[in-house]
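K.L.:
Before I ask anything, here is the structure I am working with.
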Amino acid sequence: MVRSGFIRLAAGLACLWVLLAPPAQAQADKDVDLALVVAVDISFSMDTDEQALQREGFAQAFRSKQVHDAIRNGMLGRIAVTYMEWAGSPDQKVIVPWTILDNSESLMAFAERIASTPLRRAQRTSISSAIDFSVKLLGESGLNATRQVIDISGDGPNNQGRFVLEARDEAVAKGITINGLPIMLRQPGYLDIPDLDIYYKDCVIGGQGAFTVPVRERDQFVEAIKTKILLEIANLMPDQPLISRVQTPSRTNCLAGEMQWRDRWSN
């Protein structure tokens, strides 16, 4: 009698486990080679032409055959991407939520959602808040990702929110890689800094295999974005130049943006 009672109890627990356990397919749907946050600068320093080029660059990247092939060549053949826009510390907005990309149809639909959203602009530049918001998106995604990457594009230094190094270092400590697309289409002017690419290298990017792809000419914009997305999906780094300068630039002041903003109001 006791033995049969144990058998019935074990059978009941087994049935309960089957009912409560998530289906294997549902769990598999959360497994991806890469979870990628595309974080795009929409501050007023970006003119509407630059914003339109930026949008077109990301849309074309996700439409391209090379990107489709890179996804298919991954271990699982699927990635998850979300596209968000940022400006000052209180201004981050998800434009396209987390989307699994595993075939041409899903990629084309994702690109169309990026391209069809109206442009907007906002005040200030808080790279640190963009990183923090991106880390939160990754943490709340529910994805099981082999790699987690934040793709930050912008045309100026951090000038609001907490220090960018603090946000960068906390993200990297969580195993997240931050890559950068410094936009350098204009001569440095009001609230800009020279050598933005070096600022991104020293102050913004970090983590395993982190890299930047600077944009210095308008006709490079779309191709640079496509190259960067392709490298991130394929888990590659850009080729290093065969010839390097003997005199490397001095380390960037990672508070340059904050100091510019302070000086603006003290004069």
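FYI, in mature numbering (1 follows the signal peptide of the UniProt record, and there is no 0) the residues of the sequence shown are -26 to -1, 1 to 241. Built from N, CA and C at the ideal position, the CB exists for glycine as well.
(1) Is Arg95 a contact residue of the ligand ATP, with contact defined as CB to any heavy atom under 8 Å?
(2) In this structure, how does DSSP classify Ser100 when only helix, strand and coil are distinguished?
(3) Mapping the DSSP letters down to three states, classify Ile150 as helix, strand or coil.
(4) By how many angstroms is the C-alpha of Pro131 removed from the C-alpha of Glu140?
(5) Near Leu75, what residues of its chain come up, given a Cβ to Cβ distance below 8 Å and the 5 sequence neighbours on each side ignored?
(6) My assumption, with CB atoms under 8 Å, is that Gly135 sits in contact with Ile152. Please give the rounded CB distance.
(7) Pair every Cβ in the stretch 12 to 27 with every Cβ in the stretch 93 to 107, then say whether three or more of these pairs are closer than 8 Å.
(8) Classify His125 as helix, strand or coil using the three-state DSSP reduction.
(9) Could you spell out where the alpha helix (DSSP H) holding Tyr173 opens and where it closes?
(10) For the candidate residues Asp5, Ser103, Ala13, whose alpha-carbon lies nearest to that of Ser63?
(11) Between which two residues does the beta strand (DSSP E) harbouring Leu10 extend?
(12) Have a look at Met233, Glu24, Asp21 and flag the residue whose alpha-carbon is nearest the alpha-carbon of Asn133.
(13) Straight-line CA distance for Glu191 to Leu205?
(14) On the DSSP bridge list, what partners appear for Thr56?
(15) Mapping the DSSP letters down to three states, classify Gly31 as helix, strand or coil.
(16) Let me know the secondary structure DSSP gives Val41 once reduced to three states.
(17) Can you tell me whether DSSP reads Gln25 as helix, strand or coil?
(18) Have a look at Glu79, Leu112, Ile172 and flag the residue whose alpha-carbon is nearest the alpha-carbon of Tyr57.
(19) What did DSSP end up calling Gln234 once you bin it into helix, strand or coil?
(20) Could you give the distance in angstroms between the alpha-carbon of Glu197 and the alpha-carbon of Gly31?
(21) My output table needs one value for Gly180: the three-state DSSP class, helix, strand or coil.
(22) Which residue marks the beginning of the alpha helix (DSSP H) containing Val196, and which one marks its end?
(23) Who are the Cβ neighbours of Asn47 in its own chain at under 8 Å, not counting the five residues just before and after it?
(24) Expressed to the nearest angstrom, what Euclidean distance is found between the alpha-carbon atoms of Val41 and Ile199?
P.N.:
Let me lay it out:
(1) The ligand ATP is not part of this structure, which contains no ligands at all.
(2) Start at 1 with the first residue of the sequence shown, and residue 100 comes out as number 126. If DSSP states are grouped into helix, strand and coil, Ser100 belongs with coil.
(3) If you number the sequence shown from 1, residue 150 lands on position 176. DSSP places Ile150 in the coil class of the three-state scheme, outside both helix and strand.
(4) In the sequence shown, residue 140 corresponds to position 166, counting from 1. In the sequence shown, residue 131 corresponds to position 157, counting from 1. Cα to Cα, the separation comes out at about 14 Å.
(5) As a first step, residue 75 must be located in the sequence shown, where it is residue number 101. Within the same chain, Leu75 has close Cβ partners Phe36, Ile45, Arg52, Ile53, Ala54, Val55, Leu81, Phe84.
(6) Reading the sequence shown from its first residue, position 161 is the one you call residue 135. Reading the sequence shown from its first residue, position 178 is the one you call residue 152. Rounded to whole angstroms, the Cβ separation of Gly135 and Ile152 is 15 Å, and the two are not in contact under 8 Å.
(7) Judged by pairs of C-beta atoms under 8 Å, the stretch 12 to 27 touches the stretch 93 to 107, as three or more such pairs exist.
(8) Here residue 125 corresponds to residue number 151 of the sequence shown, with the count starting at 1. Reading the sequence as shown, one finds Asp at residue 125 and not His. The three-state reading of DSSP puts Asp125 in strand, counting E and B together.
(9) Taking the first residue of the sequence shown as 1, we reach residue 173 at position 199. Taken as a continuous stretch (DSSP letters only), the alpha helix (DSSP H) holding Tyr173 covers 170 to 173.
(10) Translated into positions along the sequence shown, residue 63 becomes position 89. By alpha-carbon distance to Ser63, the top candidate from Asp5, Ser103, Ala13 is Ser103.
(11) Numbered from its first residue, the sequence shown carries residue 10 at position 36. Per DSSP, Leu10 belongs to the beta strand (DSSP E) from 5 to 15.
(12) For the purposes of this step, residue 133 is taken as the residue at position 159 of the sequence shown. By alpha-carbon distance to Asn133, the top candidate from Met233, Glu24, Asp21 is Met233.
(13) Against the sequence shown, residue 191 aligns to sequence position 217. Against the sequence shown, residue 205 aligns to sequence position 231. Cα to Cα, the separation comes out at about 20 Å.
(14) Translated into the one-based positions of the sequence shown, residue 56 becomes position 82. Bridge partners of Thr56: Val11.
(15) Your numbering for residue 31 matches position 57 in the sequence shown. Of the three classes helix, strand and coil, the one that applies to Gly31 here is helix, per DSSP.
(16) By one-based count along the sequence shown, residue 41 stands at place 67. Here Val41 sits in helix by DSSP.
(17) For the purposes of this step, residue 25 is identified with residue 51 of the sequence shown, where counting begins at 1. In this structure, Gln25 counts as helix in the three-state DSSP scheme.
(18) As a working mapping, residue 57 is identified with position 83 in the sequence shown. Nearest of Glu79, Leu112, Ile172 to Tyr57, Cα basis: Leu112.
(19) Counting from one through the sequence shown, the residue named residue 234 turns up at place 260. Look at Gln234 here: in three-state DSSP terms it is helix.
(20) On the sequence shown, position 223 is the one that residue 197 refers to. On the sequence shown, position 57 is the one that residue 31 refers to. Between the alpha carbons of Glu197 and Gly31 lies a distance of about 7 Å.
(21) By one-based count along the sequence shown, residue 180 stands at place 206. Per DSSP, reduced to three states, the secondary structure at Gly180 is strand.
(22) Locating residue 196 in the sequence shown gives position 222, counting from the first residue. Per DSSP, the unbroken alpha helix (DSSP H) holding Val196 starts and ends at 195 to 208.
(23) The residue you call residue 47 lines up with position 73 of the sequence shown. Excluding positions up to five away in sequence, the list reads Ala208.
(24) Taking the sequence shown and counting its residues from 1, one reaches residue 41 at position 67. Taking the sequence shown and counting its residues from 1, one reaches residue 199 at position 225. Cα to Cα, Val41 sits roughly 11 Å from Ile199.
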